[in-house]
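Line order of the protein sequences matches chains A and B.
Numbering-wise, the working numbering puts 461 at position 257 of the first sequence, and it's gapless, one number per residue.
Numbering-wise, the working numbering puts 104 at position 56 of the second sequence, and it's gapless, one number per residue.
Glycine included, every Cβ here is placed at the ideal spot set by N, Cα and C.
Small disclaimer: the values here were computed from a predicted structure and weren't measured.
Below is one structure, written out as structure tokens, with a few remarks after it.
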Amino acid sequence: MQTSTVFLTLLALCVVSFFVGRHKSRLIGMAGGGLQSLHSLPTHYGYMAALWAGLPALLLFVVWLAVEGSVVRSLVIASLPAEVRAQGVDQLGLYYNQLVGHAVGNIEPASLDATQLAASAVYNEVMNYSRNLKMLLVCLVAIIGGMLAVMRVKPDLRARNHVESIFTWILFSCSFIAVLTTLGIVLSVLFEAIRFFQAISITDFLFGLQWSPQMAIRADQVGASGSFGFVPLLVGTLLISAVAMLIAVPVGLMSAIYLSEYASRRFRSITKPVLEILAGVPTVVYGFFAALTVAPFIRNLGESVGLSVASESALAAGLVMGIMIIPFVMSLSDDIISAVPDTMREASLGMGATMSETIRKVLLPAALPGIVGGILLAVSRAIGETMIVVMAAGLSAKLTINPLEAVTTITVQIVTLLVGDQEFDSPKTLAAFALGLVLFFVTLLLNVIALYVVRKYREQYE
Amino acid sequence: MSKDTFKNTELIQASLKKRYARERRFQFYGMLAVLLGFAFLFILLFDIVSKGTPAFTQKELKIAVHLDPERLGVEATADAEQLQQANYNAVIKASLREMFPEVTSRSEKRRLYRMVSIGAEYHLRDRVVAEPSLIGQTHDLWLLAHSEAAGYLKGQISRDTPEVERKVKDVQMDWLDQLRDDGRTRSVFNTLFFLEGDSREPELAGIRAALQGSFFTLAVTFLLAFPVGVFSAVYLEEFAPRNRITDLIEININNLAAVPSIVFGLLGLAVFINFFELPRSAPLVGGIVLSLMTLPTIIITSRAAIQAVSPSIREAALGVGASKLQTVFHHVLPVAMPGILTGSIIGMAQALGESAPLLMIGMVAFIMDVPGGVTDPSTVLPVQIFLWADSPERGFTEKTSAAIMVLMGFLIVMNALAIYLRRRFEVK
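Written out as structure tokens, the structure is:
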């Protein structure tokens, strides 16, 4: 592949610059009366040369890759006859994609017209030119950069400081990627969501009680519009999360209390890692377990007592999600309970209270804010959990709070809307991004509140 | 002693029994919660292992195959090309008919053919191409059984189920029983499961392509997330000035750690596929998305490891004239490395088990061929599990569980390695 060839060439040039720079500095140093006459170690001069060779060329390369597509596109389109260029943006895009497909070798020439064939030859030519030019320029910049650095090698050049300040910048850029990622997430979901809200009004989305995103293929079909009411999804998500919390909070909290206050050190050291295995099990495994074992079991159980249970009941998905969250609640509560100062424990026990009275009347009230924070974090996990609900919850949006019926969730809808073939501009696809936006902000809000509460709580006892 | 005090003591004495009972009950609830957690784990693992174990064996049927040159359409002297094209399917069908001459009706014949896997044809072809002298002879050959027949031989389908509810009919069961009584069935280790890609036929489906895809994806993830994560941790711990930008970075890292994984999939779809036009379904994009997802884990654990390095090491290095950067890269990082590696391995284990964001970027395709590079369409092990779990065919249920066992095996090895590293270097 051409990209990797350029990359390897660049790497080789860097290595060469390193050795040349190091060698030259050694020569100069020895001539000037030993290596101590240099400001920095010879390797620093080498690194400097390598960085000068590598960084500008790499930057050029990345910029080139980013703009190559659109520049080539406009060049090829400019070469097309005027009547072809006159067609609409969408048709022109399709037209262009076809000729590129032919140029790459994916589309048989039979399906194209003569202008397209000619244009695809132009495309190949331009691409070829661009590739060669890119290779040439990248190498040239690398060589010039390396040479400039090598020429600057002198005993009083502060190469070490130079290299280190560049390195500090590199370190900074790495940590700035986290900011860029958040920005990327917000912008990508926000832009698509705005386009969605241009088609569907925001109040219909937030307060609509109907969710059926099946858009008709042709405009004249029945039910062409589809309806995008978000409420049933929210209710479904909250229902499943509530079931999950009903399992995870009592079991997780009680286990944490038992392990931190009653259990012997040995018992604790064995039990805790074993229960934490539950946290390491991939969610797809839980989904499989929920769909093929728990859901049929609950349905049979319900039928045996005369209840009608959907085969994709919210109960099954919620139950399994609860199991997944147990270790999460457990370790959070464990941290929080052990942060309560021992003096409080001892004072209560000294007054003659039993252990359980101490826990209920002293420890839990003291730890309550922290535990609430932990539970909020767990809820945000449950809301964002995808695979379990995709595999075990339903697809049709039903507005109900009966856990025995099938409900759908935000994440399930995102997956169903985006998996498989899609046209990118239909409201159906864009709806997934609107849901993603809601999901991102709801979980963000929960997390910010939870982290704030937990931090306040910690500070209280520090 | 006044009368009141005496009365109070009496009251306390009387309530003690109740209070101790409550204490015991509370302790019992705690124990119960722990046991419940154990029970869930046990049921989950037991369910997977009991469903998945049969998938590691395959059933084969010994059929007297008469390699009739006329049916094959080639002579023994034919060249390899012709041998490849010969009609092995017809030979297998004819051999089955010869073994069960009582079968005459069309529907019964179809059932008879359905006992042998479609793949048997290709195995027979490979055999004959390797040894053309077999043509014209009759040999007892072991042919791969169809997944439904294998299900019966493995005892997963019982005769007690009403015939309409099962795919294996009574007459097929009779034939299979007959074969079994003649010693014409056997179990072999399922090598296909580890050597093949996905298939529509459960008995031919394997995890090789998914494993390779997982490998490429994880390789990309590691190559991106490890250096970037470690560099970020180094910057934040050792170089970052206390200012707004640093705060911004820290807040972002903490928030990213809690963003649902599917949102990273949306990011990948919108930015890398639609904007940068990278190939869909490719491990390259999957790896980039997963690396963004695991970055917070790696950064947070690496920071903890760097923090734990004793300040005396830093001061000693600085004292003999090393620069800040030399101190960090020559002295602090080597000491912190076990901790950093532990965190990275845990992050990689997360990435290995993750599937939701990969669904978004199209890594859910039906992949038969083993991918050869990071831009080839491929799938990963958890997504393969998801795809198989969705298949209605019974044979895929055991495949799914078996694939889960393989996945969990990898995760256990990775986590064990992380724990080993932590234990080994904690002492220092």
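Where residue i meets chain B, residues with beta-carbon distance less than 8 angstroms
i: alanine 382 of chain A; result: Ser280, Ile297, Asn300, Ile301, Leu304, Leu343, Pro344, Ile347
i: glutamate 396 of chain A; result: Ala318
i: glycine 588 of chain A; result: Val307, Pro308, Ser309, Ile310, Val311
Alpha-carbon spacing of residue i relative to residue j, whole angstroms
i: serine 206 of chain B; j: tyrosine 200 of chain B; result: 7 angstroms
i: alanine 138 of chain B; j: valine 268 of chain B; result: 47 angstroms
i: phenylalanine 242 of chain B; j: alanine 253 of chain B; result: 9 angstroms
i: tryptophan 373 of chain A; j: valine 383 of chain A; result: 15 angstroms
i: alanine 557 of chain A; j: valine 652 of chain A; result: 37 angstroms
i: methionine 351 of chain A; j: valine 308 of chain A; result: 38 angstroms
i: serine 221 of chain A; j: valine 326 of chain A; result: 38 angstroms
i: glycine 334 of chain B; j: leucine 437 of chain A; result: 28 angstroms
i: leucine 216 of chain A; j: isoleucine 409 of chain B; result: The residue you asked about is not leucine; residue 216 of chain A is alanine in the sequence shown. When rounded, the distance between both Cα atoms is 34 angstroms.
i: threonine 294 of chain B; j: leucine 284 of chain B; result: 7 angstroms
i: lysine 476 of chain A; j: proline 607 of chain A; result: 31 angstroms
i: serine 334 of chain A; j: serine 208 of chain A; result: 16 angstroms
i: proline 210 of chain B; j: threonine 407 of chain A; result: 53 angstroms
i: serine 63 of chain B; j: threonine 57 of chain B; result: 10 angstroms
i: alanine 428 of chain A; j: valine 646 of chain A; result: Model confidence at alanine 428 of chain A stands at a pLDDT of 49, short of 50, so the residue's coordinates are unreliable; what they give is reported in the following sentence. Between alanine 428 of chain A and valine 646 of chain A, the C-alpha separation is close to 31 angstroms.
i: serine 283 of chain A; j: alanine 323 of chain A; result: 7 angstroms
i: alanine 420 of chain A; j: valine 113 of chain B; result: The pLDDT assigned to alanine 420 of chain A is 48, lower than 50, so where the model puts this residue is not dependable; a value taken from the coordinates is nonetheless given after this. Approximately 54 angstroms between the Cα atoms of the pair.
i: phenylalanine 223 of chain A; j: serine 241 of chain A; result: 20 angstroms
Sub-8 angstroms separation of residue i and residue j beta-carbons
i: glutamate 368 of chain A; j: serine 371 of chain B; result: yes
i: threonine 186 of chain B; j: valine 428 of chain B; result: no
i: leucine 92 of chain B; j: phenylalanine 401 of chain A; result: no
i: leucine 279 of chain A; j: valine 330 of chain A; result: yes
i: phenylalanine 170 of chain B; j: leucine 144 of chain B; result: Residue identity differs from the one stated: residue 170 of chain B is tyrosine in this sequence, not phenylalanine. No. Outside cutoff.
i: valine 354 of chain A; j: alanine 261 of chain A; result: no
i: leucine 519 of chain A; j: isoleucine 502 of chain A; result: yes
i: leucine 224 of chain B; j: methionine 147 of chain B; result: no
i: arginine 159 of chain B; j: tyrosine 136 of chain B; result: no
i: threonine 386 of chain A; j: leucine 304 of chain B; result: yes
i: phenylalanine 622 of chain A; j: leucine 332 of chain B; result: A small correction: the amino acid at residue 622 of chain A is leucine; phenylalanine does not occupy that position in the sequence shown. Their beta carbons are not under 8 angstroms apart, which means leucine 622 of chain A does not touch leucine 332 of chain B by this criterion.
i: glutamate 27 of chain B; j: histidine 194 of chain B; result: Any property of residue 27 of chain B remains undetermined from this structure, which presents chain B solely from 49 to 476.
i: methionine 416 of chain B; j: serine 309 of chain B; result: no
i: alanine 306 of chain B; j: serine 584 of chain A; result: yes
i: valine 566 of chain A; j: methionine 548 of chain A; result: yes
i: leucine 109 of chain B; j: leucine 191 of chain B; result: yes
Closer than 8 angstroms at the beta carbon, the chain A residues around residue i
i: arginine 67 of chain B; result: Thr558, Glu561
i: threonine 209 of chain B; result: Within 8 angstroms Cβ-Cβ: nothing; threonine 209 of chain B doesn't reach chain A, min ~15 angstroms.
i: threonine 445 of chain B; result: Leu496
One or two residues paired with residue i in a DSSP bridge
i: tryptophan 415 of chain A; result: A/Phe432
i: leucine 465 of chain B; result: In the DSSP output, where bridge partners are listed per residue, leucine 465 of chain B has none listed.
i: alanine 193 of chain B; result: B/Val164
i: serine 235 of chain B; result: B/Lys107
i: aspartate 188 of chain B; result: B/Ala112
Chain-ordered chain B contacts of residue i [CB-CB under 7 angstroms]
i: glycine 273 of chain A; result: Glu325
i: asparagine 651 of chain A; result: Asn303, Ala306
i: threonine 386 of chain A; result: Asn300, Asn303, Leu304
Under 7 angstroms by beta carbon: chain A residues contacting residue i
i: phenylalanine 74 of chain B; result: Ser560
i: aspartate 95 of chain B; result: Phe493, Thr497
i: valine 311 of chain B; result: Ile389, Gly640, Leu643, Phe644
i: arginine 70 of chain B; result: Ser560
i: arginine 412 of chain B; result: Note that residue 412 of chain B is valine in the sequence shown, not arginine. The answer, in chain order, is Val623.
i: methionine 79 of chain B; result: Tyr462
i: valine 276 of chain B; result: Cys378, Ile381
Under 9 angstroms from the C-beta of residue i: neighbouring residues of chain A
i: proline 430 of chain B; result: Pro486, Thr487, Val488, Val489, Met591
i: asparagine 463 of chain B; result: Ile481, Gly484
i: phenylalanine 434 of chain B; result: Val488, Gly491, Phe492, Met591, Val594, Met595
Interface residues of chain B facing residue i [CB-CB closer than 9 angstroms]
i: valine 393 of chain A; result: Val311, Leu314, Leu315, Ala318
i: threonine 475 of chain A; result: Val82, Gly85, Phe86
i: glutamate 368 of chain A; result: Ser371, Lys372, Leu373, Gln374
query = Contact between the region 633 to 650 of chain A and the region 605 to 624 of chain A: three or more CB pairs below 8 angstroms?
reply = Contact between the region 633 to 650 of chain A and the region 605 to 624 of chain A is established, with three or more Cβ pairs separated by less than 8 angstroms.
Exercise. Using 8 angstroms as the Cβ pair cut-off and three pairs as the minimum, do the region 435 to 444 of chain B and the region 70 to 80 of chain B touch?
Worked result: By the Cβ criterion, the region 435 to 444 of chain B is not in contact with the region 70 to 80 of chain B, since fewer than three pairs of Cβ atoms, one from each stretch, lie closer than 8 angstroms.
Exercise. Give a yes or no on contact between the region 94 to 107 of chain B and the region 442 to 462 of chain B, applying the rule of three or more CB pairs nearer than 8 angstroms.
Key: The region 94 to 107 of chain B is in contact with the region 442 to 462 of chain B.
key: Segment contact, 8 angstroms Cβ cut-off, at least three pairs: the region 64 to 72 of chain B with the region 450 to 461 of chain A   = Touching, no.
Any chance the region 220 to 239 of chain B sits against the region 383 to 395 of chain B, with 3 or more Cβ pairs inside 8 angstroms?
-> As far as the Cβ criterion goes, the region 220 to 239 of chain B does not touch the region 383 to 395 of chain B, which means the pair count is below three.
- [ ] Check whether the region 213 to 228 of chain B touches the region 398 to 405 of chain B, taking contact to mean three or more Cβ pairs, one atom from each stretch, closer than 8 angstroms.
- [x] Because the criterion of three Cβ pairs below 8 angstroms is not met, the region 213 to 228 of chain B and the region 398 to 405 of chain B do not touch.
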